[in-house]
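**Student:** Before I ask anything, here is the structure I am working with.
Next comes the structure, spelled out in structure tokens:
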């Protein structure tokens with residue numbers, strides 16, 4: 001039986017440094033305290049290309065050396081956009097009590113009894129070496145190479161098929177190791193078809209690297225995965241496949257705990273336990289319209305926002321954008337560690353009615369406009385007819401009568417308007433109507 005500390009998706013960078021180092025530092029302390037025999041980092045230790053003198057790299061190196069002071073360490077190449085090829089090479093040069101092995105190619109590694117690593121010359125060992133544990137390493141594969149070989153249109157399917165064939169090829173070696181009572185562990189970085197992201201979105205499609213069937217076909221007792229930031233697992237007859245998830249919470253909207261996995265792997269059994277890290281707390285407040293300060297204050301009272309990272313989102317029409325009081329929102333969220341205000345302004349869309357200028361009559365113009373606006377033309381045409389056939393003073397009086405709460409008041413107002421209007425011969429219909437309204 002071997003005890004493994006499985007860490008993944010550390011995403012060290014200037015932006016994530018505080019979160020990543022606090023959570024990974026805690027994880028290193030806890031893993032050492034629990035007596036792990038080997039540490040595995042399954043990809044995306046960094047968030048993007050970093051200069052080697054960057055403070056984030058220095059802090060990551062410090063934590064990895066701490067692990068190497070306790071046990072052997074294995075680091076796997078992750079996504080190329082996060083860990084450009086060659087990024088991890090310098091970690092293999094770091095010195096601790098135990099060696100740090102960087103797996104940048106498809107291979108097998110044997111962890112020997114003295115704590116050193118033995119690497120296969122090809123993609124696997126021809127015969128199983130005498131070892132404490134056998135590791136199968138499948139780092140991120142460059143899909144561009146696959147596309148260049150089979151064409152971009154077929155690259156996604158071919159990529160998955162080639163990886164499935166590769167994993168199946170490891171089956172006989174891992175079976176032989178199991179018969180020799182050697183624990184077998186596989187480590188990879190990619191997406192399993194049907195897994196769920198940290199935002200609760202199922203990943204389904206032909207462009208993902210793995211299926212659970214292809215992973216189990218490798219014959220490894222434990223399969224340690226990186227890339228997806230949410231812990232989840234699949235089991236088949238005592239064999240276990242699991243994502244450790246990200247070490248910290250780097251984005252708003254992530255669900256579930258963050259942490260690392262503590263594995264116990266034998267020749268015929270694998271179990272893992274998630275150890276939760278002190279990841280930051282996030283809170284999202286979403287409004288359809290102008291943010292309601294009363295609701296924000298109620299949310300603050302309902303849960304402790306001290307030290308939380310709060311995001312407020314809203315969508316407002318263009319004419320309402322100035323009603324959003326950003327400073328009032330910040331005051332209501334006083335005590336939060338970070339406040340993000342994200343407003344979306346819905347623009348007013350104006351459409352021209354094609355051919356409206358060529359319409360012969362006002363009624364035809366109204367019909368053309370109603371067609372574009374998606375409204376009924378009949379009520380507007382009735383109003384046009386009223387304007388053409390009746391005196392504006394009569395129309396205004398009728399409108400006021402309909403709007404008055406008491407008929408007596410409406411009649412009195414209409415009489416007052418009639419008395420104030422000039423004689424019909426002295427006013428034009430359109431002009432009078434504009435003056436009334």
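Residue numbers (our numbering): 1 to 437. Even glycine gets a Cβ: it sits at the ideal position worked out from N, Cα and C. The structure presented is a predicted model; accordingly, all values stated were derived computationally and were not measured.
Starting from residue 223 and walking both ways along the alpha helix (DSSP H), at which residues does that stretch end?
**Tutor:** Note, residue 223: premise wrong, no alpha helix (DSSP H); beta strand (DSSP E) at 222 to 226.
**Student:** Give the C-beta separation of residue 306 and residue 335 to the nearest angstrom, bearing in mind that I take them to be a contact with Cβ-Cβ under 8 angstroms.
**Tutor:** The pair is a contact, with the Cβ atoms about 5 angstroms apart (cut-off 8 angstroms).
**Student:** With residue 26 as the anchor, note down where its alpha helix (DSSP H) starts and where it stops.
**Tutor:** Here the alpha helix (DSSP H) through residue 26 covers 17 to 33.
**Student:** Just curious, the alpha helix (DSSP H) that residue 263 is in, first and last residue?
**Tutor:** Segment 259 to 265 is the beta strand (DSSP E) holding residue 263; no alpha helix (DSSP H) there.
**Student:** Tell me which same chain residues have a C-beta within less than 8 angstroms of the C-beta of residue 27, skipping the five on either side of it?
**Tutor:** Closer than 8 angstroms at Cβ, skipping near neighbours: 5, 7, 247, 259, 260, 275, 277.
**Student:** Exposed or buried, residue 90, counting other C-beta atoms within 10 Å across all chains shown (16 or more means buried)?
**Tutor:** Residue 90 comes out exposed.
**Student:** Just to confirm the assignment, what range does the beta strand (DSSP E) spanning residue 112 have?
**Tutor:** Element bounds for residue 112: n/a, residue is neither H nor E.
**Student:** Cα-Cα, which of 46, 197, 189 is closest to residue 223?
**Tutor:** The option with the nearest alpha carbon to residue 223 is 189.
**Student:** Within the same chain, show all residues whose beta-carbon is closer than 7 angstroms to that of residue 414, passing over the 5 residues directly before and after it, in chain order.
**Tutor:** Here the model assigns residue 414 a pLDDT of 49, short of 50, so the residue's position is not dependable, and the following value carries that caveat. Same-chain partners within the cutoff: 397, 400, 401.
**Student:** Candidates 383, 394, 45: which alpha carbon is nearest residue 363's?
**Tutor:** Closest by alpha carbon: 383.
**Student:** Could you tell me the boundaries of the alpha helix (DSSP H) in which residue 340 lies?
**Tutor:** It is not in any alpha helix (DSSP H) - residue 340 instead sits in the beta strand (DSSP E) that spans 338 to 346.
**Student:** Does the segment 118 to 125 come within contact of the segment 77 to 90, defined as at least 3 CB pairs closer than 8 angstroms?
**Tutor:** Because the criterion of three Cβ pairs below 8 angstroms is not met, the segment 118 to 125 and the segment 77 to 90 do not touch.
**Student:** State the beta-bridge partners of residue 6 as determined by DSSP.
**Tutor:** 40, 261.
**Student:** Only counting the same chain, and skipping five residues up and downstream in sequence, which positions put a Cβ closer than 6 angstroms to that of residue 75?
**Tutor:** Around residue 75: 41, 88, 91, 102.
**Student:** In the DSSP assignment, find the unbroken alpha helix (DSSP H) run with residue 364 in it and report its ends.
**Tutor:** First-last of the alpha helix (DSSP H) with residue 364: 362 to 373.
**Student:** Taking the alpha-carbon of residue 327 as reference, which of 39, 48, 355, 293 has the nearest alpha-carbon?
**Tutor:** Taking only the C-alpha atoms, the option nearest residue 327 is 293.
**Student:** Label residue 202 either buried or exposed according to how many other C-beta atoms from any shown protein chain fall within 10 Å of its C-beta, with 16 as the threshold for buried.
**Tutor:** Its Cβ having fewer than 16 others within 10 Å, residue 202 is exposed.
**Student:** What would DSSP say about residue 383, mapped onto helix, strand or coil?
**Tutor:** Note: residue 383 maps to helix in three-state DSSP.
**Student:** Residue 198: which of 234, 252, 389, 218 sits nearest, CA to CA?
**Tutor:** With distances taken between Cα atoms, residue 198 lies closest to 252.
**Student:** With a threshold of 16 other CB atoms inside 10 Å of the CB of residue 458, please say whether the residue is buried or exposed.
**Tutor:** Nothing in the structure corresponds to residue 458, since the chain is present only between 1 and 437.
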